[in-house]
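Data first, discussion second: the structure below is written as structure tokens.
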């Protein structure tokens, strides 16, 4: 029995949800983590203001790192889907080993 390529067989809306939902959940959890962390740090007393300032600087950096990772994943996914659509399994294999 041969395994089917889900990117060639699955309907596009289901494919978008199955591949995009983990990224959406990850970013939401990261934001909730930062909100809870900020609430905890602000309630530390005198050092809460300095801690909150540090968190204020760190959060955009965290989002930038996440954005670079997601963008890289999307780029590799585009190369992979194009290669699989063309039937070029060697290029598809190369696209999956770029970041390995």
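Numbering (this note's numbering), first residue to last: 12 to 111.
Every residue, glycine too, gets a C-beta built ideally from N, C-alpha and C.
Note that the structure is predicted; figures quoted are calculated from it, not measured.
Per DSSP, residue 22 lies in no alpha helix (DSSP H) segment and is marked neither H nor E.
Nearest in C-alpha terms to residue 84, of all of 108, 48, 101 and 15, is 108. If you check the CB distance, residue 52 and residue 66 come in under 8 angstroms. Residue 61 and residue 68 have their alpha carbons spaced roughly 11 angstroms apart. At a Cβ-Cβ threshold of 8 angstroms, residue 34 and residue 92 do not count as neighbours.
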